[in-house]
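Here the structure comes first, spelled out in structure tokens, and everything after it is commentary.
There are 2 protein chains.
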Amino acid sequence: MSIAQQRVDEFLRTLASDAPTPGGGAVAALAGATGAALVAMVCNLTIGRKGYEDVEARMRAILAEAETARAAFLALADRDATAFDGVMAAFKMPKETDADKAVRSQAIQQGYEGAATVPLEIARRAADLMELARETTEAGNANASSDGACAAQALSSAVWCATYNVDINAASLKDQSKATALRDEVSALRASARALLDATDAAFGSRLG
Amino acid sequence: MSIAQQRVDEFLRTLASDAPTPGGGAVAALAGATGAALVAMVCNLTIGRKGYEDVEARMRAILAEAETARAAFLALADRDATAFDGVMAAFKMPKETDADKAVRSQAIQQGYEGAATVPLEIARRAADLMELARETTEAGNANASSDGACAAQALSSAVWCATYNVDINAASLKDQSKATALRDEVSALRASARALLDATDAAFGSRLG
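Structure below.
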């Protein structure tokens, strides 16, 4: 069953179990979806409110982006589990002949690459959305500024959780140029998340008065 | 309906709406529950596994603590909404006579204090559990070390999201000694979360090899 359709407590029970998926990758995607929902919440608490007429058009645009992102993150939560299942299926392939071994080894490498690609997409989307979390915290309804700051925290946690999963899959790649390219993007995404989290934190502090 | 019993996508839809609750406080509690589930996951992937006999008893003890914490966080997610509803109910109290106004003002202040107390409990529990996230990342199944690191991220985000809600409620308190005591504890919890997140990150890096 899709993670989106599971009950909160049932998802958490499965997460806590010894099944290898869902794990940190699905958590990253759900943190992204939660951050997107909180950005949307701040927009919805700003649109049509007295004193916020000047930012209304912008809040409508951000709301549309946040709603698209929420759906994308929920789809990525399911895709992450499937990608990792691919690694495990490859490990179960026959390895009797040299030809078997070559095919299996290639499938394993493709599995790790695929399992790194999905969290990388989660991290990219979450880092992008952090700029909108910062903007809604700064310019949205002041009473909801803590929700904007929480959006930034959820999205930052999505970036980090996702990139830990990129790291662990990249560590199994034999192609060092691919592994290095992944690690470089991870570093850039983390640096961006750190800067946007600090900026949002400062915006929240100034809304607090 | 209890948040634990809601479907993931339905909870997120309500979160994104213009209803003032659920908001960042419920998100903090759910991030705590998610972190607790990930700590339990690492324990469950370590107990009974070859090469981890020495840490098995310890992992069983951590598992029990993580399971208790998960249930507590789910209860706190519901309590947070109720606490904030208390503030809003107080604002709707009559304010015709001076006596009305005095009673209403006291109820509002008690409402803010209560609304600050629940996220403070979330932040305390999350900060405590971060030490166990660090330990499972360092000593648990190496293949699940990314899940341990994600647990620390989820718990750190719980500490921050919860303390933003302490901040915003403390800002409305007239009793400055109470407000200062709340802010001092917030600072201490954030410092602890920052240090434990860095330590867990380092532990994950060393497990990665």
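Residue numbers (my numbering), protein chains in the order written: chain A, 270 to 478; chain B, 270 to 478.
The beta-carbon is built from N, C-alpha and C at its ideal position, and this holds for glycine as well.
All of these numbers come straight from a predicted model, not from anything done at the bench.
Item                                                                                                                                                               : Value
Is residue 318(B) helix, strand or coil by DSSP?                                                                                                                   : coil
Could you list which residues in chain A have their beta carbon closer than 7 Å to that of residue 396(B), in chain order?                                         : By Cβ distance, chain A contributes nothing, its closest Cβ being about 14 Å from residue 396(B), past 7 Å.
Taking only beta-carbon atoms, is residue 422(A) less than 7 Å away from chain B?                                                                                  : yes
Does the beta carbon of residue 280(B) come closer than 7 Å to any beta carbon on chain A?                                                                         : yes
Residues of chain B with CB closer than 7 Å to the CB of residue 273(A), please, in chain order.                                                                   : 277 and 278
Looking at chain A, is there any beta carbon in it that lies within less than 7 Å of the beta carbon of residue 306(B)?                                            : yes
Against chain A, which members of the stretch 315–347 of chain B pass a CB distance test of less than 7 Å?                                                         : 339 and 343
Assuming residue 406(A) and residue 472(A) form a contact by the criterion Cβ under 8 Å, report the distance between their Cβ atoms to the nearest whole angstrom. : 5 Å
Per DSSP, what are the beta-bridge partners of residue 276(B) in this structure?                                                                                   : 276(A)
Closer than 8 Å, Cβ to any Cβ of chain B: which residues of the stretch 291–303 of chain A, in chain order?                                                        : 292, 293, 296, 297, 299, 300, 302 and 303
From residue 344(B) to residue 428(A), what distance separates their C-alpha atoms?                                                                                : 27 Å
Tell whether a beta-carbon distance below 7 Å holds between residue 362(B) and residue 384(B).                                                                     : no
Between residue 481(A) and residue 373(A), what straight-line distance do the alpha-carbon atoms span, to the nearest angstrom?                                    : Given that chain A is displayed from residue 270 to residue 478, the structure contains no residue 481(A) and the question cannot be resolved.
I'd like the list of long-range same chain contacts for residue 470(A), defined as Cβ closer than 8 Å, with 5 residues on each side in sequence excluded.          : 418 and 421
In angstroms with no decimal places, state the Cα-to-Cα distance between residue 356(B) and residue 475(A).                                                        : 23 Å
With DSSP as the reference, label residue 388(A) as helix, strand or coil.                                                                                         : helix
What's the gap between the Cα of residue 292(B) and the Cα of residue 401(A)?                                                                                      : 17 Å
Judging by CA-CA distance, which residue of 288(B), 285(B), 307(B) and 297(B) is the nearest neighbour of residue 413(B)?                                          : 307(B)
In chain B, what lies closer than 9 Å to residue 350(A) by C-beta?                                                                                                 : Correct list: empty, because the minimum Cβ distance to chain B is about 13 Å.
Does the distance from the C-beta atom of residue 324(B) to that of residue 408(B) stay below 7 Å?                                                                 : yes
Using 7 Å as the limit for Cβ to Cβ distance, is residue 418(A) near chain B?                                                                                      : yes
Alpha carbon to alpha carbon, how far is residue 350(B) from residue 298(B)? Give it in angstroms, no decimals.                                                    : 11 Å
Residue 466(B) to residue 398(B), Cα distance in whole Å?                                                                                                          : 11 Å
So what does DSSP say about residue 398(A), is it helix, strand or coil?                                                                                           : helix
Indicate the three-state DSSP secondary structure (helix, strand or coil) for residue 434(A) in the structure shown.                                               : helix
Less than 7 Å between the beta carbons of residue 305(A) and residue 282(A), yes or no?                                                                            : no
Could you check how far apart the C-beta atoms of residue 392(B) and residue 432(B) are, in whole angstroms? I think they sit under 8 Å.                           : 5 Å
Rounded to whole angstroms, what's the CA-CA distance from residue 311(A) to residue 288(B)? Just pull it up for me.                                               : 10 Å
How big is the Cα-Cα spacing for residue 342(B) and residue 278(A)?                                                                                                : 11 Å
What is the residue span of the alpha helix (DSSP H) that residue 325(A) lies within?                                                                              : 325–360
What residues of chain A sit near residue 270(B), judged by a beta carbon separation below 7 Å?                                                                    : Per Cβ cutoff of 7 Å: no residues; residue 270(B) is ~10 Å from chain A at best.
My output table needs one value for residue 299(A): the three-state DSSP class, helix, strand or coil.                                                             : helix
When you check each C-beta in the stretch 426–458 of chain B against every C-beta of chain E, which residues fall closer than 7 Å?                                 : Chain labels in this structure do not include chain E; the protein chains are A and B.
Using a Cβ-Cβ distance cut-off of 7 Å, determine whether residue 399(A) contacts chain B.                                                                          : no
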